[in-house]
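Below you can see the structure in the form of structure tokens.
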């Protein structure tokens, strides 16, 4: 239990870091009255939106909670509520800091680039450490309460159910937050661009544009709050389900299990500390490269994490060559096993492995993180072929810009897939499915740092907006622009990272599904072989989900952006003083319109992954019996990741590449701002917006929800059957 | 054997229809000298391109043929060569008729809409019947030669190898033809539009545009020859592999097997006859609806096919309640079977079934065809929500047009997937994997009619171009435009149909793979369960292929279109007389540039599906042993269809919707031609072009090649091991 205590202590440190750093950030000067005015409007809009969003989610949440309570009981209800509430808190606090750091970053950028960078990054780090810290505290807290206080065995059904429900709570809230926030931010962004840049010919962030505040609000509620909820979910699902799969798969003594299940928690804990240390290394070097400064912090964290994780393993296991797991899983003994069971056991990965094997798996997880970051940088950075090729294609018009962007978005899926495939093979060879789970845990352990890099983005984006609107000098705007440009890449990094972890987690979740199935329904023989057509049916239906979900997301943004365009046109027509700069637009009205549109549009698609697995199970069971129902449902879980991985990566990388191709042209290439190439690049950027910030990132929580709903469905069916 | 003779007779009738109708078409008046001049330029360009394309393919083909001969022997070599040559013939003859029918259609449209429609459709029907007829003759001819003349058993390895090699030959040629033709047609089209419509401000098909002949050549080499090769491949693979799977899976007497294997052939045969009859029903009704006229022909064919297929079943089986197949497959008897083998046998679908069950499966196949046609019409027709929503989104600019188009393209995958899923479940319940195969055969039996509808498109497209370039009166151009507009939908129909059949065929091919595996490597136990990570690895790598392939295709079009733009700009600059209409552009130079670009760009992506399965097998085998190598390879085959189905449908339907949204605006909606909405719609159309005519349709042969290469690899490995 000491390991768990240590992990909890690390979680508390993360929260303390958040509180202390918040007060530092809030103490910095908040600029002049005009800047504070603008910031206040953004704060008000963001608060109002999140308030309404969480109220709506709460209604859905209460219904789901009631169903959970009735089917699965109190423990599941408690887990669900903790996950749901903390996911909301992570998002809300992230937004709260972000809308205050923006104006302070603009003010600090008056002084120096380093000043702006430090402030923006610190505020991102607050969100990052809170996401990781609250995530860790929720898992470790539940584990501590049940195992230490309530005295149940670490692999007791109650522990498994509580952690699964915790993950479900986090996932359910996060898909709403990701999608609602994503629709808000991109509807405002696209709408503001269309009517401002294209129709009225005024620059981005011009205060005469009535949608400009909505656009800035969107950065905070989508890119900050939505992202934080998403990564909180990813953290909780990955580390929580790693523990669940240890509990399900490894048969060992309670003491051994306790150690093994606690290690992921402490790894999460120490990596919060290394992430906090890393944040202090984010400093501009002699070349003044902002990306370089951020990377310095990131790589310091990675290097320290290697050492720290080694320390955790030494501390927890003593002898790294100690054998863990193994054939103990095959309870019946080999004599009575059918070929299928042997294959199944091998597949679930019950070969014996040592602590050192698990350590290597974690190193592979860290390597995957590094590679995914590097690949994303390659596909979305302005220094490399992909972005340059889109910028070049813009010379021949809107059409070729979009064609090349789509080509890059398709291509960008290849390297991450290969990295994931190699990681799966290597970790599986080392320690079976538990090895895969440990790699995923190591990947997520760096979430504090990765979220910090991401949450930095919306702050600088807002800072630029405020600098423009408040009429700060050009050199300040140049600094905020420079800070903002790398934000596009760091934002893309987090999304690739989240979906990459989802691919590893999917294997673990499928392992949990099959193990649960055997435990709950020992008499039902389910054939998960690819030669079973019901498996193909499940794969196809699962693969459809990301496409349908993407269609909903894209349509929602298009429709909501249309209502923004209409409102802004109306404002310009009814109040000609706006364009002359003599009267102030009604920013609040536009914010309100986007708010209503986003809330309305997020509900149906968010429920898709909740309802689909249940529908598939019942329909196939009705047609072909329960065994095939389970087969289709299981295959659906893998279909959704096999297709979702590609949909999500292509959308997020492609969108980032389009955005930076525009920035690359604005830097004076291919004719620079105002050229025909620039106009084409603006079109590409507009297309990429809902791709990268609405539909693409929401695929990650969608995959998880589908999987967790399937696990809960099994438990509920077993409960009603027993 | 009489059934096979009858099938061969039907194939000969198809060829005779082609010859007779060709002479009718060629006898119609070919217009004035100016028109004939233009047509001659198109003919020359198309002939030159196809000549070079087939020469290049021949080089690859000779290498592949040598490898096949060395690893698998003479029978495979012969099958491969027949498939390859006839695929080439189908494409070449289709192009040959198409480039002669275009000018005659323009001339006939001077007289009346019905005249133009009849001529264009007849020429399409020639291609359609040749595709089906040659396909049928090749399969039936090989079967007849081996079983009747050489006297081998119908399920002898030689029959299986010859049919598999035939399918491989057809597939290999068709992927090159589809992709090369697709790159040619879209590079010319996009290039011509960019530099003509956008830069120079001259209308489509304006004779001053040096790329205009290349654009018209492209319709013939891509949409006609490439499509014909593709559908020839689909026909041969589907019907050939249906026979192979009967030979592999059904254990019955030689006489029974002969009957069962011949039925797909005769079904193909009688449906050629019903398709020919259907062509005579393509007549304008009182409302003058062109789509209505085409549908009349289609539905007459469907209705007659129901009766004809019933007749075939009555004739072949006598008693429709006769039991076929069944537990005979389980050679070892149930006593010695492991659970896995029982599951495997159930999964491959060896329950007993009757002839009536198979008839029902064929009816389901026909229903799928009808539903896919209807769904494609809904997503790409100007009368329905999807196209209208894209047209409406064009009002707010290029960006929203593309966003809505992408949303529709994602959405358009849902209904076809559901149709396929329901068809798989229903046919599998009726007659196992053989039932699925029979449904796929019925789907493909209508290929003659479906290809006729499709091949009609490029003829009318060209006719419009010739009318414009030759300065024919406005009312002629209006008629050719009206004929052309429905071509967008019929072209999308064929692609949806081909990929839909691929999804059904994939199950059959996977069945053949697993059965071959058991036969060739009885000692290797392969675990195809989803809980085997090597299965996931295979699924992910398979799913990657369509993305990577799509990226290659899109990039190739972008790059080749860029060289067209460059050439046209050079011509305008060096010869100012072109724009003044005083001197003739150098059409041939542009055709030559596109030819070289298309040939160069088609090679690497076409080899991707040939090389990937071999690489995956050897790499995974090296890491984890042969059993896992087979598991990954098998999973790859399903990964490529699970992802390819969605990539292909989204690209082809989305592209068709973009194209018709532009046409819908040109019909006077949302401001009509020249409005801002129209400009945005032109962008969408440009983006949709490589989507729907290059990358999307080539996914179909790609899926088949991956599968067939895997089958050949098994045979080669078994040969070298034995």
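Residue numbers (UniProt numbering), protein chains in the order written: chain A, 1 to 722; chain B, 1 to 722.
In this text, a Cβ means the ideal position worked out from N, Cα and C, and glycines have one as well.
All figures in this text were calculated on a predicted structure; none of them were measured in a lab.
Which residues does DSSP pair with residue i in a beta bridge?
i, result
"residue 723/A", "In this structure chain A extends from 1 to 722, so residue 723/A is not present and cannot be described."
"residue 323/A", "354/A"
Would DSSP call residue i helix, strand or coil?
i, result
"residue 249/A", "helix"
"residue 636/A", "helix"
"residue 204/B", "coil"
"residue 690/A", "helix"
"residue 264/A", "helix"
"residue 574/A", "helix"
"residue 152/B", "coil"
"residue 772/A", "Since the first residue shown for chain A is 1 and the last is 722, residue 772/A is missing from the structure and cannot be characterised."
"residue 365/A", "helix"
"residue 516/B", "helix"
"residue 1/A", "coil"
"residue 22/A", "helix"
"residue 177/A", "helix"
"residue 270/B", "helix"
"residue 472/A", "coil"
"residue 360/A", "helix"
"residue 401/B", "helix"
Given that residue i touches chain A, what residues does it touch there, using C-beta distances under 7 Å?
i, result
"residue 393/B", "558"
"residue 617/B", "Within 7 Å Cβ-Cβ: nothing; residue 617/B doesn't reach chain A, min ~14 Å."
"residue 428/B", "533"
"residue 419/B", "Under the 7 Å cutoff, chain A gives no residues; its nearest Cβ is about 11 Å from residue 419/B."
If you check the beta carbons only, do residue i and residue j fall under 8 Å apart?
i, j, result
"residue 124/B", "residue 463/B", "no"
"residue 669/A", "residue 391/A", "yes"
"residue 415/B", "residue 551/A", "no"
"residue 572/B", "residue 714/B", "no"
"residue 595/B", "residue 184/B", "yes"
"residue 107/B", "residue 701/B", "no"
"residue 493/B", "residue 660/B", "no"
"residue 680/B", "residue 405/B", "no"
Name, please, each residue of chain B whose Cβ falls closer than 8 Å to the Cβ of residue i.
i, result
"residue 636/A", "Per Cβ cutoff of 8 Å: no residues; residue 636/A is ~10 Å from chain B at best."
"residue 639/A", "642"
"residue 365/A", "Result: empty, since nearest Cβ-Cβ is about 15 Å, beyond 8 Å."
"residue 499/A", "Simply none; closest approach about 13 Å."
At a cut-off of 7 Å, is residue i close to the ligand COA when judged by its beta-carbon and the heavy atoms of the ligand?
i, result
"residue 656/B", "This structure lacks the ligand COA; in fact it carries no ligand of any kind."
How would you list, in chain order, the residues of chain A whose beta-carbon sits under 9 Å from the beta-carbon of residue i?
i, result
"residue 686/B", "397, 398, 399, 400, 402 and 403"
What residues from chain B crowd round residue i, counting only those whose CB sits closer than 7 Å?
i, result
"residue 554/A", "403, 406, 407 and 410"
"residue 99/A", "Residues of chain B passing the Cβ test: none, with the nearest at roughly 27 Å."
Q. Just by C-beta distance, which residues in the segment 182 to 194 of chain A are closer than 8 Å to chain B?
A. Contacts with chain B (Cβ-Cβ distance below 8 Å) from the segment 182 to 194 of chain A involve 190, 193 and 194, listed in chain order.
Q: Closer than 8 Å, Cβ to Cβ, to anything on chain A: give me those residues from the segment 266 to 287 of chain B, in chain order.
A: Of all residues in the segment 266 to 287 of chain B, none has a Cβ within less than 8 Å of some Cβ in chain A.
Q | Selection of the segment 384 to 415 of chain B by Cβ proximity to chain A, strictly under 7 Å | A | Cβ contacts with chain A: 393, 396, 397, 398, 399, 400, 402, 403, 404, 406, 407, 410, 411, 413 and 414.
Q) Relative to chain B, which residues along the segment 649 to 678 of chain A have a C-beta separation below 8 Å, given in chain order? A) Per Cβ criterion, the list reads 650.
Q: Could you name the residues of the segment 707 to 721 of chain A whose beta carbon sits closer than 8 Å to any beta carbon of chain B, in the order they occur along the chain?
A: Residues passing the 8 Å Cβ filter: none.
Q) Which residues, taken in chain order from the segment 538 to 551 of chain A, show a beta carbon closer than 8 Å to some beta carbon of chain B? A) Listed in sequence order: 539, 540, 541, 543, 544, 547, 548, 550 and 551.
Q: Please name the residues in the segment 504 to 528 of chain A whose beta-carbon is closer than 7 Å to at least one beta-carbon of chain B, in chain order.
A: Going along the segment 504 to 528 of chain A in chain order, one finds 507, 510, 511, 514, 525, 527 and 528 with a Cβ nearer than 7 Å to chain B.
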